[in-house]
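This report concerns only the one structure given below.
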Amino acid sequence: MRVKPKKTRIEKHHLEDFVGRAYMSFCVLLLIVIIVSMVYFVASKGISTFTSGDVKISEFLFGTKWSPEGDTPSYGAFPFIAGSFLVTLIAALIASPLSICAALFMTEIVPGWGKKLLQPVIELLSGIPSVVYGFVGLSVIVPFLRNTFPGQGIGVAAGALVLSVMILPTITSVAADALASLPQNLKESSFALGATRWQTIARVILPTTFPAIMTGVVLGMARAFGEALAVQMVIGNAPFVPKSLFESASTLTSVITLSMGNTTMGSPQNNALWSMALVLMLMTFIFVLLVRMLERRNKI
Amino acid sequence: MKPRTADKIATVLIVFFALLIVAILVGLLGYILIRGLNHISWDFLTSAPQKIRAGGGVGPQLFNSIYLLVLTLVITVPLGLGAGIFMAEYARPGKLTNFIRLIVEVLSSFPSIVVGLFGLLLIVNTFDLGFSLVSGALALTFFNLPLMVRITEQAFRTVPKQQKEAGFALGLSKWKIVTTVLFPVALPTIITGTILSAGRVFGEAAALMFTAGMSSPRLDFTNWNPSSPTSPLNPFRPAETLAVHIWKINSEGLAPDAVQIAAGASAVLVITVLIFNLAARYFGRVIYRKLTASKRMS
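Respectively, the protein sequence lines represent chains Z and V.
First residue of the first sequence: 1, per this note's numbering; consecutive thereafter.
First residue of the second sequence: 1, per this note's numbering; consecutive thereafter.
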């Protein structure tokens, strides 16, 4: 504890302290203002679709027909919601095993040079901009799919493949951190019992770190769900629920990307797009909530 | 199956998948660089794009990207530093701190397109700044600020506790300790993180499509008066960045050599991000040596 000075004169260091504190409080306050206004603006715009009486919530969420320019316009966003979930889930299914293997490689198989090799790889992969992923997807993955599978190449499979590479770094780095922070004696006692390395990994390491690894998977899915441009470039953007993986589809983000610029503010179609942005935002909250729940489980 | 066989198979599979990721990166970089490098020339980097004819470049887009990055960093770095230092050194554990932490987490996981839409609604329409560099920079601020806060907080948390205690023992005020004792030690980490986050901002496109706009006016690179509409420095003009340009020519490119332009521009983008990566490592090391006692050791 510092002793309070008797002098009433404000000393220089007190003034400094005060100014610093005020500035920092301002920065933090700004963060709060940004998020509150973001939630408020997007939510109020997104809800106006339903409050203005143009579209019912049930029609928006479960209607399968998207034809805002038809004679009797209908605003069913289900194809986009389904498309978003579909590509996200498939991307997570492809990326998770790969990422977990990479994390195991870095921490368990060859902890020395494995980390030195994969760490920069992961950093570079996460640094590559999403439009570049889209461009490579468009010029490599799409022609490959077109030549090997039925269909045009563009579609759910192409979108999921591009996304899976994009979320690899997220899952790998979280999983590697989790594996590295595992107490050493847990492994040692397993080896002491005569277990092989794989038995130790499968029965001790992975079950113990499961919540932490799932945190990485959820973070990756959050990124995949919100990714706009790379997906838009390869998914084909047809407003239908896809019947096969090689069929063209749309996601919430891709339809916003394409249509937002071409609609006038306040029109029912524009409002419906804002409702999709609201769905994206609500999904972000759900992902953050999931991550928090998993982290809490991880601590115990 | 015998445990030993299972162990061998699993090891082979794990190594295979790990090396597959390395192969993916090498393939990606190789593809982008080989496809793009032979299209990059001084002319490509400096000339303006052509709408319908072949032979356009990405000069204005490249300039816009760099300028926008500078504007964004000028706004985010001081704000991020302030909030980050607060979180690391001043915030007492409690409801408010938890709430701020939640905010940072939520803000950093918002999809960039939602950030862009918010920018469209608030900055472009409500504040009436239009599609402009300022709007883009502010949208990127929303996008980059949580990252900056995290970087700063982590950097301050890694400073050894004894440094702070030594400062208190000398009777320094808290602010003095933060600025003269902790900040120099944390600076290398902050700079590394900032440069890495700059790489992310440089490649960001979705948040910019609705804020900085998707077109570039004719720029006069001899006019350095920031208030003139043709000046490249004018912050109130619309600006298409390199990443947005790549997206645009891939989706609606009319020029016959659109694919080559996309390849060249992608290569420029990736090379820049690589440079950011290397620079982050280099500066982090150099500044650490300059600001701490470890220079005497080397």
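Note that beta-carbon positions come from the ideal geometry of N, C-alpha and C, so glycine has one too.
Given the structure is predicted, the values throughout are model-derived calculations rather than measurements.
Listed along the chain, the chain Z residues whose CB falls inside 7 Å of the CB of K174 of chain V are D17. Using a Cβ-Cβ cut-off of 9 Å, G167 of chain V does not count as an interface residue toward chain Z, since no Cβ of chain Z sits closer than that to its own. Contacts between T180 of chain V and chain Z, judged by CB atoms closer than 7 Å, are missing: the closest CB pair is about 11 Å apart. Under the Cβ criterion (8 Å, minimum of three pairs), the segment 262-278 of chain V counts as touching the segment 36-43 of chain V. Note on geometry: alpha-carbon atoms of E59 of chain Z and Y75 of chain Z lie some 7 Å from one another.
Per DSSP, reduced to three states, the secondary structure at S132 of chain V is coil, with no helix or strand assignment. The beta-bridge partner set that DSSP reports for S74 of chain Z consists of Z:S67.
A198 of chain V and V131 of chain Z have their C-alpha atoms some 16 Å from each other.
Between the alpha carbons of T172 of chain Z and L124 of chain Z lies a distance of about 13 Å. Among the residues of chain Z, those whose CB is under 7 Å from the CB of S109 of chain V are A222, T284, F287 and V288, following chain order. The residues R35, G36 and H39, in chain order, have a CB closer than 7 Å to that of A263 of chain V in the same chain once the five nearest residues on each side in sequence are set aside. Listed in chain order, the non-local C-beta contacts of D220 of chain V below 6 Å within the same chain comprise T230, local neighbours out to five positions each way being set aside.
S52 of chain Z is classed as exposed because its beta carbon has fewer than 16 other beta carbons within 10 Å across all chains shown. Y75 of chain Z is outside the set of residues whose beta carbon lies under 9 Å from a beta carbon in chain V. In the three-state reduction of the DSSP assignment, A249 of chain Z falls in the strand class. The beta carbon of N277 of chain V falls within 9 Å of a beta carbon belonging to chain Z, placing the residue at that interface. Along the segment 144-169 of chain Z, going in chain order, the ones with a CB nearer than 7 Å to a CB of chain V are V165 and L168. In the assembly as shown, V74 of chain V is an exposed residue. Its beta-carbon has fewer than 16 other beta-carbons within 10 Å. DSSP, reduced to helix, strand and coil, places G80 of chain V within a helical segment of the structure shown.
Minimum Cα-Cα distance from S189 of chain Z among the listed residues Z:T107, Z:S181 and Z:T200 corresponds to Z:T200.
Residue state for G213 of chain V is assigned as coil, using DSSP reduced to three classes. Looking at the DSSP output, G236 of chain Z shares a beta bridge with Z:A249. In the three-state reduction of the DSSP assignment, A228 of chain Z falls in the coil class. For the C-beta of I34 of chain Z, the chain V residues within less than 8 Å are, from N- to C-terminus, L107, F142 and L145. Rounded to the nearest whole angstrom, the CA to CA distance from F17 of chain V to L98 of chain Z is 6 Å. If you ignore the 5 residues before and after M283 of chain Z, its C-beta comes within less than 7 Å of the C-beta of F225, all in its own chain and listed in chain order. V70 of chain V does not reach chain Z, its nearest Cβ partner there being about 18 Å away, counting only Cβ pairs nearer than 7 Å.
Note on S267 of chain Z: under 16 other CB atoms within 10 angstroms of its CB, so exposed under the neighbour-count rule. With a threshold of 16 other beta carbon atoms within 10 Å, M221 of chain Z meets it and is buried. Closer than 7 Å at the C-beta level to chain V, one finds these residues of the segment 27-52 of chain Z: C27, V28, L30, L31, I32, I34, I35, S37, M38, F41, V42 and K45. Taking CB atoms only, P111 of chain Z has no neighbour in chain V less than 9 Å away. The C-alpha of T11 of chain V is placed about 27 Å away from the C-alpha of L29 of chain V. Using a CB distance below 9 Å, the part of the segment 113-136 of chain V facing chain Z consists of I113, V114, V115, G116, L117, F118, L120, L121, L122, N125 and T126, ordered along the chain. In terms of Cβ geometry, A83 of chain V and L145 of chain V form a close pair [threshold 9 Å]. Between I66 of chain V and chain Z, the shortest Cβ-Cβ separation is not below 9 Å. Below 8 Å, enough C-beta pairs join the segment 236-247 of chain Z and the segment 75-93 of chain Z to call them touching: three or more.
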